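Visitor:
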Amino acid sequence: MRFSVPGPRSLAGQLFAMQAVLIAVVVAGYALFTYVSDRSQAEEAARRQARAVARSVADSPSVLQAARTPDPTAELQPYALKVMRDTEVDFITIMDPRGIRWTHPDAKQIGQPFRGHTEKALKGQTFTETYTGTLGPSVRAVTPIQDGKEIVGLVSAGIRVEEITQRVQGQLTALLGVAAGALVLGAVGTYVINARLRRHTHGMNASELSRMHDYHQAALHAVREGLLMLDGQYRVALINDGGRELLDVPGDVVGTSVADLGLPAPLTGALLASEPRVDEVHLTASRVLVINTSPVSGGERRGTVVTLRDVTELQSLMGELDSERGFTQALRSQAHEAANRLHTVVSLIELGRAEEAVEFATAELELAQALTDQVVAAVSEPVLAALLLGKTAQANERGVELVVSEDSRLDDGLLPETLPARDLVTILGNLIDNAVDAAQGSVRARVTVTAYTEGSADAAELVLRVTDTGAGVDPAHSEAVFQRGFSTKPAGPGGRGLGLALVRQAVHRHEGVLSVAEADGGGAEFEVRLPLRAAVTEGAVLGGERDG
């Protein structure tokens, strides 16, 4: 025969069993206490009843009169049986002072000595006792029959213990019925509650819940992406290590409202929104985050699950890719123009006009070389110089003239390592792209770039200024223009309003200053001032000073 060891019960089942046992123990204890208490009360009630009956019989004048007759039994036996039936006692025994019975429920016991104590009664006292007589154990009262001070007889009335037990058992039966009903009702209520608990715990036992909690904690700390859970009141219910890092929130923020985390207003609004957000880009002080929100509901709103991904590096790479695409388009345009010029030169030679062909080709080379010399002379820093050359060709392709002002002066090796070229490309590239967009279509469309350093050797700063001939920026939007999502142009497939927000993020990361004003002659003028933390040579700094 095979015996199977039952597996661990579910948590709900264990709670149900524990509560059922607890209810049974409480009910059984109460029943036992009630039985003992009721038995004691029943015995005390029997004593009072026996005492009252005995005193009533002893005080009866007819009993006193019959006790003086030669044959007391003849009158007292019928009287005692009648009183016994009327008062529901088990026996009434009337006897002489010596204890010889005059009456008894069993006529055979008349004339026999009384079984019990009579000493106190012979002294004129009434007392009760529990004694085993001819009818078995009984609770009895013994009292004297007095004629003045003379004791002429004794009366004993009693109730059998068996009768008392039957009375208590009747009460106990009713109590057990009530207890059983309470147990059944408690069991049903416990079952209903635990059925709901089983649904919430999915029938898992305590060890399974503990193991799931361990897996849950391990997964939260292992996932590099940020995970944030909000309750129905938009308070932080859970946040993992990745979420703390990406949102830059210190300490324990569980229980804190989202509005009190100090996050940027657009990001806070997205977290507080009731509708889900999918792959929405938001900027913090130093990161570009993609967030997804999903409400948790079960008949009512219970909270929100938020996932966070850091795409700062990806966004920077996309910016560089956009720049490379711009360079590619510019090169394609230049290649097309070069092909046209080459065909022109070849056609002039075929027509026998070699001198004119040489003159035409030389003029084109001198123009391209002059543009390169102008940019490199003003900004010899290689990354910025390459960026300006590419943007110049890209702007020309769109019908916008991009020039580097004569005030520009930025030597190679002047910028410290704390100011990486990638951030400069982000700042200047986005400002130029924004300016070209604004200037395109205007009269004498032009974008002017100025780059120089100023200040002392101990407090030098890099100044980047981009001016366009567009419509300018409304003073009321001078702050909103740098917020993510703000744009006065129609949104494209990838959305708008991110470029200037990235510029502000990079500027703030280097503790710089970004401002916008109206340019001379109309248009907008964006200016960036970045502190140069590393020491530069005094000659280089002073040589780069400009009034700006």
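The sequence shown runs 20 to 567 under my numbering.
Ideal placement from N, C-alpha and C gives every residue a C-beta, glycine not left out.
Remember, predicted model here, so these are calculated numbers, not experimental data.
Relative to the alpha-carbon of Q413, which residue among E378, S424 and V455 has its alpha-carbon at the smallest distance?
Guide: The candidate whose alpha carbon is nearest that of Q413 is V455.
Visitor: Taking the beta strand (DSSP E) that T149 belongs to, which residues open and close that run?
Guide: Taken as a continuous stretch (DSSP letters only), the beta strand (DSSP E) holding T149 covers F146 to G152.
Visitor: If you compare alpha carbons, which of A93, Q60, P91 and Y98 is closest to A73?
Guide: Closest by alpha carbon: Y98.
Visitor: Where do the N-terminal and C-terminal ends of the alpha helix (DSSP H) with H232 fall, by residue?
Guide: Where H232 is concerned, the enclosing alpha helix (DSSP H) stretches over A225 to A241.
Visitor: Do L257 and L280 have their C-beta atoms within less than 8 angstroms of each other?
Guide: Contact flag unset, no.
Visitor: Straight-line CA distance for T472 to V492?
Guide: Computed Cα separation, rounded: 26 angstroms.
Visitor: Please classify T437 as buried or exposed, where buried requires at least 16 neighbouring CB atoms within 10 angstroms.
Guide: The residue is exposed, with fewer than 16 neighbouring Cβ atoms inside 10 Å.
Visitor: With DSSP as the reference, label D426 as helix, strand or coil.
Guide: Coil.
Visitor: For the pair the segment 225–243 and the segment 54–67, tell me if three or more CB-CB distances fall below 8 angstroms.
Guide: They do not touch, by the three-pair rule.
Visitor: Using 8 angstroms as the threshold, is the C-beta distance between R179 and D109 below it?
Guide: Yes, these two residues count as a Cβ contact at 8 angstroms.
Visitor: Go to L286, then tell me how far its alpha helix (DSSP H) extends in each direction, as first and last residue.
Guide: From DSSP, the alpha helix (DSSP H) with L286 extends over A284 to L291.
Visitor: At which residues does the beta strand (DSSP E) containing D442 begin and terminate?
Guide: Per DSSP, D442 belongs to no beta strand (DSSP E); it is in the alpha helix (DSSP H), A440 to A458.
Visitor: Take T106 and list the residues in its own chain whose beta-carbon comes closer than 6 angstroms to its own, dropping the five residues that flank it on each side.
Guide: If we look at T106 and ignore the five residues flanking it on each side, its Cβ neighbours are V72.
Visitor: I need the straight-line Cα distance from P80 to M103, nearest angstrom please.
Guide: Approximately 18 angstroms between the Cα atoms of the pair.
Visitor: Could you name the residues that DSSP lists as bridge partners for L173?
Guide: L173 pairs with M114 and P163.
Visitor: With a cut-off of 8 angstroms, do at least 3 Cβ pairs link the segment 107–127 to the segment 82–97?
Guide: They touch, by the three-pair rule.
Visitor: Look up S276 in the DSSP assignment and give the residues it is bridged to.
Guide: Answer is R254.
Visitor: Which word fits F52, buried or exposed, when buried means at least 16 other C-beta atoms lie within 10 angstroms of its C-beta?
Guide: Burial call: exposed.
Visitor: In three-state DSSP terms, what is D260?
Guide: Reduced to three states, the DSSP call for D260 is helix.
Visitor: What's the call for Q252, buried or exposed, on a 16-neighbour Cβ count within 10 Å?
Guide: Q252 should be labelled exposed.
Visitor: Considering Cα atoms alone, identify which of R117, L483, L228 and R417 is closest to V171.
Guide: Checking every option, the nearest Cα to that of V171 belongs to R117.
Visitor: Excluding sequence positions up to five away, which residues of its chain have a Cβ less than 6 angstroms from the Cβ of G514?
Guide: The pLDDT assigned to G514 is 42, lower than 50, so where the model puts this residue is not dependable; a value taken from the coordinates is nonetheless given after this. None.
Visitor: In its own chain, which residues sit with a C-beta less than 8 angstroms from the C-beta of A278, not counting the 5 before and 5 after it?
Guide: Only Y253, T287 and L291 meet the Cβ criterion.
Visitor: When you compare only the Cα positions, how much space is there between E148 and A206?
Guide: One C-alpha to the other measures close to 45 angstroms.
Visitor: Go ahead and label A470 buried or exposed: buried means 16 or more other beta carbons lie within 10 angstroms of its beta carbon, across all protein chains shown.
Guide: It counts as buried.
Visitor: For F133, which residues of its own chain have a beta-carbon under 7 angstroms away from its beta-carbon, when the five flanking residues on both sides are left out?
Guide: So the qualifying residues of the chain are T112, M114, G118, R120 and S175.
Visitor: In angstroms, rounded to a whole number, what distance separates the CA positions of G167 and E62?
Guide: Cα to Cα, the separation comes out at about 32 angstroms.
Visitor: Which residue wins for smallest C-alpha separation from A405, given the options S534, K142, S475 and L447?
Guide: Of S534, K142, S475 and L447, the residue nearest in Cα terms is L447.
Visitor: Strictly by DSSP, which residues pair up with S157?
Guide: Beta-bridge pairing links S157 to Y150 and R179.
Visitor: Assuming V315 and R321 form a contact by the criterion Cβ under 8 angstroms, report the distance between their Cβ atoms to the nearest whole angstrom.
Guide: Their Cβ separation, rounded to whole angstroms, is 5 angstroms, which keeps V315 and R321 in contact under 8 angstroms.
Visitor: For H301, does the three-state DSSP call read helix, strand or coil?
Guide: Looking at H301 - three-state DSSP - the assignment turns out to be strand.
Visitor: Helix, strand or coil: how does DSSP classify M535 here?
Guide: The sequence given here places Val at residue 535; Met does not occur at that position. Reduced to three states, the DSSP call for V535 is strand.
Visitor: How many Å lie between G460 and T488 at the Cα?
Guide: Each residue's Cα considered, the two are about 10 angstroms apart.
Visitor: If you draw a straight line from the alpha carbon of E564 to that of I451, how long is it in whole angstroms?
Guide: Caution is warranted here: a pLDDT of 40 is assigned to E564, below 50, making its placement in the model unreliable, and the coordinate value is therefore given only provisionally. Straight-line Cα distance between these residues: approximately 23 angstroms.
Visitor: DSSP puts S313 in a beta bridge; with which residues?
Guide: The partner list for S313 (beta bridge, DSSP) reads V324.
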